[in-house]
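Below you'll find the structure, written out as C-alpha cells, and then a few comments.
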Ligand code: KG4
Ligand code: ZN
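Numbering (our numbering), first residue to last: 4 to 349.
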C-alpha cells in the first residue's frame, strides 16, 4: 500500500495530487488568470501565484482524497524542466514537507510524466509503446520500453506544437493561451479552405516555424495571396475584417495543418519501429481535432490508440503522482540536496 502526494509547478498551473497504489484519488489544478493580459506567461508573476496557491491546493488535494499527511509514504515533485522560479516553489515545498514528515522524496521529469499520464486510466498501453508528446514547450515522439526506460526518437527543431497554436492565435488577436480557442473556433470551420505548407524535415523531427511564418504572411495580405508580396499587403482594417469574417475557417485550416504534421511523423515512427500501441500526451493532446485524427488513424492503420483524460493532458500533478509511484516501486528516490532545474536531460 503506497500513498504518494505529488506537486507540479513547472509553468503556470499549481497542482497537487494524491495517488494510492497507482490510482489517482485527487488531482487539484489552480490556473493563473494573471497572464492572460500579457499574451504569455510572466515568470515572476507565475512564481508569486504558485506561492499563494500551493498551500490551499495541497490541502484540497488531501481533503478530496480523504488522506492525512501522516498517511503519505513519499512526496513527488516536478524537478525539471520549466520556469526556474516556478519549479523552485514546488521543489522547496516538497523538500520541506518530506523533511518534516521524514519520508522519501521523488524528483520527477515533467516530460516523462506527460508520457506516463497514459498509465493512469484503463485501458493502458502495452510496452513498448510510442507517445507523441505535444505541449507548450516540447514536441517529441517517445519510444517507451517501460515506465523508467524511454527515449526521444523525434523532436521539434524549432517551435513546439503548442507554441505553433499559441503564436498563430496571437497573430489572430486571440488571448493567451490560444490553443484551446483555435480548437473551439475550428469546430465550426472548414479545414480545407486555406492551405498552409507542410515542412519537409528529414527523419522523425518536426518544424513549425515555417507554418507560423506562412500564417503571418497570409494574414498580412488578408487572404489575397498565399505568397507574400508587398503588392498584396492589406491595410490593418482589411486584415481585421478578414480575420473577423473568416475566423472559424482560418482556425480550422491552421489546426488541420498542425495535426497533419504531427500525424505524418507519428505514422513514419510506427513504420520504422513496428510498434502499434500509440499514445498522445501533453497540453495539445487536449485538442479535439488531434484526438479525433488519432482515433481515425488508429482505425486506418490498425493501431491501438490511447489518449489521457482531459485533466491529465495539460499540466497536472496526477501525472507527477503516477510517475512518482513507478519511481517508488523501483526505489528511485532523491535526497534533500536535489535542486530544481530549468533544463534537464531525462
Ligand atoms: O502541457 P502543457 O499544459 O504545458 C506545457 O508543459 O507546456 O501545454 C500547454 C500547451 C499550450 O500551448 C496550449 O495552448 C496547448 O497546450 N493547448 C491546446 C489545447 N489545450 C491546451 N492546444 C490546442 N488545442 C487545445 N484544446
Ligand atoms: Zn507540460
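Virtual Cβ for every residue (Gly too), placed ideally from N, Cα, C.
*Taking the continuous alpha helix (DSSP H) assigned at residue 253, which residues delimit it?*
Reading the chain shown from its first residue, position 250 is the one you call residue 253. Residues 239 to 276.
*asked:* For a test of the three-state rule: what should DSSP assign to residue 114, helix, strand or coil?
replied: Working through the chain shown from its first residue, we reach residue 114 at position 111. Residue 114 carries a helical assignment under DSSP once its states are collapsed to helix, strand and coil.
*With 16 as the cutoff for other CB atoms within 10 Å, does residue 149 come out buried or exposed?*
Residue 149 sits at position 146 when you count from the first residue of the chain shown. That one is exposed.
_Less than 7 Å between the C-beta atoms of residue 318 and residue 16, yes or no?_
Position 315 of the chain shown, counting from 1, holds the residue named residue 318. Position 13 of the chain shown, counting from 1, holds the residue named residue 16. For the pair residue 318 and residue 16, the CB atoms are nearer than the 7 Å cut-off.
*Taking only the alpha-carbon atoms, compute the straight-line gap between residue 71 and residue 65 and give it to the nearest angstrom.*
The residue given as residue 71 occupies position 68 in the chain shown. The residue given as residue 65 occupies position 62 in the chain shown. Straight-line Cα distance between these residues: approximately 6 Å.
*asked:* DSSP three-state label for residue 192, please.
replied: Working through the chain shown from its first residue, we reach residue 192 at position 189. Annotated three-state conformation of residue 192 is coil, per DSSP.
*Could you tell me whether any non-hydrogen atom of the ligand KG4 is closer than 6 Å to the CB of residue 88?*
Position 85 of the chain shown holds residue 88. No, since every heavy atom of the ligand KG4 falls outside the 6 Å radius drawn around the Cβ of residue 88.
*Does the segment 262 to 279 come close enough to the segment 135 to 153 to have 3 or more Cβ pairs within less than 8 Å?*
Contact holds: three or more Cβ-Cβ distances are below 8 Å.
*Identity of the residue in 139, 154, 246, 167 nearest residue 192 by Cα*: For the purposes of this step, residue 192 is taken as residue 189 along the chain shown, with counting starting at 1. Among 139, 154, 246, 167, the Cα nearest to that of residue 192 belongs to 246.
*If we call anything under 7 Å between Cβ atoms a contact, is residue 75 one with residue 6?*
By 1-based counting over the chain shown, the position of residue 75 is 72. By 1-based counting over the chain shown, the position of residue 6 is 3. The Cβ atoms of residue 75 and residue 6 sit closer than 7 Å to each other.
*Neighbourhood of residue 56 by C-beta distance below 6 Å, restricted to the same chain and skipping five residues each side*: By 1-based counting over the chain shown, the position of residue 56 is 53. Excluding positions up to five away in sequence, the list reads 17, 33.
*Starting from the C-beta of residue 185, find all residues in its chain whose C-beta is less than 7 Å away, skip the five residues before and the five after it, and write them out in chain order.*
To locate residue 185, count along the chain shown from 1; it is residue 182. The answer, listed in chain order, is 168, 171, 172, 254, 257, 258.
*asked:* Let's see if you can read the secondary structure: which residues bound the beta strand (DSSP E) around residue 77?
replied: Taking the first residue of the chain shown as position 1, residue 77 is located at position 74. Here the beta strand (DSSP E) through residue 77 covers 77 to 83.
*residue 62 burial status per 10 Å Cβ neighbour count (16 or more: buried)*: Walking along the chain shown from the start, residue 62 turns up at place 59. Its Cβ having fewer than 16 others within 10 Å, residue 62 is exposed.
*Spell out the partners DSSP gives residue 18 in its beta bridges.*
By one-based count along the chain shown, residue 18 stands at place 15. Beta-bridge partners assigned by DSSP to residue 18: 11, 32.
*Take every Cβ of the segment 110 to 123, pair it with every Cβ of the segment 320 to 328, and state whether three or more of those distances are shorter than 8 Å.*
Judged by Cβ distances under 8 Å, the segment 110 to 123 makes contact with the segment 320 to 328, as three or more pairs qualify.
*Do residue 15 and the ligand ZN come close, with the Cβ less than 6 Å from some heavy atom?*
Position 12 of the chain shown, counted from the first residue, corresponds to residue 15. No, Cβ of residue 15 sits at least 6 Å from all heavy atoms of the ligand ZN.
*asked:* Taking the alpha helix (DSSP H) that residue 215 belongs to, which residues open and close that run?
replied: The residue you call residue 215 lines up with position 212 of the chain shown. Residue 215 -> alpha helix (DSSP H) spans 212 to 223.
*Which term fits residue 346, buried or exposed, when burial requires 16 or more other beta carbons within 10 angstroms of its beta carbon?*
In the chain shown, the residue the question calls residue 346 occupies position 343. Exposed, by the Cβ-count rule.
*Would the beta-carbon of residue 138 be found less than 6 Å away from any heavy atom of the ligand KG4?*
Numbered from 1 along the chain shown, position 135 holds the residue referred to as residue 138. For the ligand KG4, a non-hydrogen atom lies closer than 6 Å to the CB of residue 138.
*To the nearest whole angstrom, what separates the beta carbons of residue 197 and residue 235, a pair I think is in contact under 8 Å?*
Residue numbering aside, residue 197 sits at position 194 when the chain shown is read from its first letter. Residue numbering aside, residue 235 sits at position 232 when the chain shown is read from its first letter. About 15 Å; that fails the 8 Å criterion.
*For the alpha helix (DSSP H) containing residue 366, list its first residue and its last residue.*
Examination of residue 366 is not possible in this model, given that the chain is present from 4 through 349 alone.
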